[in-house]
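Structure record follows, encoded as structure tokens.
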Ligand code: PHE
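Numbering (this note's numbering), first residue to last: 90 to 445.
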């Protein structure tokens with residue numbers, strides 16, 4: 090058999106096939122059951138023994154060549170079909186695809202992370218406490234008497250088992266003191282407690298039922314020397330708060346203290362910062378006063394130290410309770426607290442994370 094002649098014939102037939110169906114038909118003719126190419130390969134058995142190796146080798150070569158040519162022709166027509174389809178749908182394969190959407194940090198998380206970094210760099214340690222809290226830690230241990238208005242059910246989410254959703258991060262002050270004192274730990278002590286708190290509030294532009302605070306607590310032993318006693322004082326509090334606000338608001342800040350009442354601090358303060366929007370000149374955000382109330386703070390009440398297991402004659406300290414939403418709103422100029430939990434991705438994806 091002239092297998093080279095056969096090969097030429099088949100290759101020509103493949104080249105002549107004018108469309109996909111023609112190629113399919115040809116494939117059946119050459120490689121189907123009783124296909125011409127396969128029959129040719131099988132015909133080796135009818136040859137005398139000594140001719141078989143040479144023929145077998147040549148036949149296999151032809152089979153491979155024809156098979157390859159057929160596959161290439163088939164691919165060619167498939168590609169043409171695909172292009173037709175693509176053109177029909179105006180699909181432009183050179184157009185860049187949709188950009189993959191990556192997640193973004195929540196602005197509260199961004200600011201909380203920055204604050205945690207800052208305070209840990211100043212030697213503070215991070216403490217955590219439960220969101221479901223006992224009445225004892227949330228109120229009694231913090232010198233909040235049973236008839237204090239903060240206890241009324243309109244402010245506090247009470248649970249049926251007698252516990253409650255913590256209304257602030259301050260309970261972790263006493264939890265931390267008690268634990269460390271029990272472990273024999275001696276102040277100085279510097280802790281921060283970032284965490285979620287809950288109040289039964291009517292939600293509006295400036296109030297949310299769930300919000301984030303960061304508590305700070307610093308306690309140290311009073312040093313008694315020739316020139317009197319020194320310990321943690323309001324000066325330490327002011328310095329710490331100024332440092333913190335300068336970093337978070339990314340500018341130099343002025344602060345001032347006004348008296349504020351919280352049963353667990355004495356004296357208690359409201360700390361104001363000069364308005365970032367008008368640099369203290371007076372604008373609508375600061376209601377023309379030049380100051381913005383930023384956080385409550387004060388010197389730890391002796392009863393709280395006592396409850397924590399420390400002698401208030403020997404130790405003093407300061408505490409603050411920063412409302413994180415408030416700081417985030419000031420930092421980014423956000424005017425409605427409801428954005429934070431509104432779940433609107435257009436709002437949430439705008440906050441670039443500062444590389445840490
Ligand atoms: N826990 C107080 C609140 O949420 C804030 C505060 C903390 C005040 C620490 C003084 C000292 O209202």
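All residues carry an ideal CB built from backbone N, CA and C; glycine is no exception.
In terms of side-chain proximity, the C-beta atom of residue 210 is found no nearer than 7 Å to any non-hydrogen atom of the ligand PHE. Across the structure, residue 276 and residue 312 are spaced so that their CA atoms are roughly 12 Å apart. With a cut-off of 8 Å on Cβ pairs, the segment 331-349 is in contact with the segment 200-213, counting three or more such pairs. Residue 297 has its CB no nearer than 7 Å to any heavy atom of the ligand PHE. When the beta-carbon positions are compared, residue 326 and residue 407 come within less than 8 Å of each other. Sorting 270, 352, 364 by C-alpha distance to the C-alpha of residue 391 places 352 at the top. Contact between the segment 262-277 and the segment 376-396 is present: three or more C-beta pairs spanning the two stretches fall below 8 Å. Residue 108 and residue 166 have their alpha carbons spaced roughly 6 Å apart. With a beta-carbon spacing of about 5 Å, residue 96 and residue 151 fall inside the 8 Å limit used to define contacts.
Checking the DSSP bridge columns, you'll see residue 363 partnered with 380.
Annotation: the continuous beta strand (DSSP E) that includes residue 283 extends over 278-287. Residue 148 has its alpha-carbon roughly 12 Å from the corresponding atom of residue 94. In this structure, residue 218 sits near residue 284, with a CB-CB distance shorter than 8 Å. The beta-carbon distance between residue 133 and residue 141, rounded to whole angstroms, is 5 Å. This is short enough to meet the 8 Å contact definition. By the neighbour-count definition (other C-beta atoms within 10 Å, threshold 16), residue 282 is a buried residue. In this structure, residue 408 has its CB closer than 7 Å to one or more heavy atoms of the ligand PHE. Residue 136: not part of any alpha helix (DSSP H); DSSP gives it neither H nor E.
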